[in-house]
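Chemist:
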Amino acid sequence: MSFRPPIKFCNQCGAAVKHAVPNDGDTRIRAICPACGVVHYQNPLNVVGCIPVLDDGRILLCKRNIEPRWGKWTLPAGFMELDETTSQGSARETDEEAGADIEMGRLFSVISVPRVGQVHLFYCARLRSETLNPGHETIEARFFEAKDIPWDELAFRTVSITLQRYLEDRASGTVQVHNIDLV
1 MSFRPPIKFC NQCGAAVKHA VPNDGDTRIR AICPACGVVH YQNPLNVVGC
51 IPVLDDGRIL LCKRNIEPRW GKWTLPAGFM ELDETTSQGS ARETDEEAGA
101 DIEMGRLFSV ISVPRVGQVH LFYCARLRSE TLNPGHETIE ARFFEAKDIP
151 WDELAFRTVS ITLQRYLEDR ASGTVQVHNI DLV
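Note that the UniProt record's numbering has the sequence shown beginning at 1, numbered continuously upward.
Shown next as structure tokens:
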């Protein structure tokens, strides 16, 4: 069950909704407006980000200046916006959080986190420069060698798993997309 509160009012007409299984063959309880008939669906949110790496192998991490997990390190990532692709969202988040100039690469990991109603997508990215200009959501942006990654200070499990898999793949020369379910 997701942490999101149930829908209480119709976003089309404002009437109080009822919660039931629609009569259209659906099998889940949905918020249904008895006034206008709209069925409201709650779907997972997409979190998009990347693993920005310099040519020498150092990885860019950002120290969060916002909750949740203020003061913890993370890969640049955030919620995907409407009217953008997953890679565009990843590039935007990297610019907003680190002010980094990147060349977007391939999709690296897709991590489903049903407990919080999210899907995290991380791309590989090549940093074109060491110049950074972190935005207001970031206390500090810094490059880390693999041996210096602050594992105990990472903000999210999805970031930790993505970094671990990235470093394992890099060491073995493997190129793959990781599909992970965190239950």
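A virtual CB, placed ideally from N, CA and C, is assigned to each residue, including glycine.
Between which two residues does the beta strand (DSSP E) holding L45 run?
Modeler: L45 to V53
Chemist: For a quick check, are the C-beta atoms of F156 and T94 less than 9 Å apart?
Modeler: no
Chemist: T27: buried (16+ other C-beta within 10 angstroms of its C-beta) or exposed?
Modeler: Looking at its Cβ environment, which holds fewer than 16 other Cβ atoms inside 10 Å, T27 is exposed.
Chemist: How about E137 and G57: are their beta carbons less than 9 Å apart?
Modeler: no
Chemist: For S2, name the three-state secondary structure that DSSP assigns.
Modeler: Because S2 carries a pLDDT of 48, less than 50, the predicted location of this residue cannot be relied on, and the following value inherits that uncertainty. Under the three-state reduction of DSSP output, S2 falls in the coil class, being neither helix nor strand.
Chemist: Excluding sequence positions up to five away, which residues of its chain have a Cβ less than 8 Å from the Cβ of E140?
Modeler: C62, K63 and P134
Chemist: Going by DSSP, what residue range makes up the alpha helix (DSSP H) through S172?
Modeler: Note, S172: alpha helix (DSSP H), R157 to S172.
Chemist: Below 8 Å CB to CB, which residues in the same chain sit around V47 once its five sequence neighbours on both sides are set aside?
Modeler: A77, G78, F79, M80, Q118, V119, H120, L121 and T158
Chemist: Helix, strand or coil for A20? Go by DSSP, reduced to three states.
Modeler: If DSSP states are grouped into helix, strand and coil, A20 belongs with the strands.
Chemist: Whole-angstrom Cβ separation of P114 and V183, contact assumed at under 8 Å?
Modeler: 7 Å
Chemist: List, from N- to C-terminal side, the beta strand (DSSP E) runs of 3 residues or more that fit wholly inside the region 126 to 153.
Modeler: 138 to 144
Chemist: Whole angstroms are fine: how far does the CA of Q42 sit from the CA of M1?
Modeler: For M1, the pLDDT reaches just 43, beneath the cut-off of 50, and the residue's location in the model is therefore unreliable, although a value from the coordinates is still provided. Those two C-alpha atoms are separated by around 12 Å.
Chemist: Can you look up E103 in the DSSP assignment and give me helix, strand or coil?
Modeler: strand
Chemist: For A31 and I7, which I take to be in contact (beta-carbon distance under 8 Å), what is that distance rounded to the nearest angstrom?
Modeler: In this structure A31 touches I7 by the C-beta definition: roughly 4 Å separates them, less than 8 Å.
Chemist: Can you tell me the Cα-Cα spacing of L54 and Y123, whole angstroms?
Modeler: If I take the Cα positions, the gap works out to 14 Å.
Chemist: Along the chain, where does the beta strand (DSSP E) containing D181 start, and where does it finish?
Modeler: According to the DSSP assignment, D181 belongs to the beta strand (DSSP E) that extends over H178 to D181.
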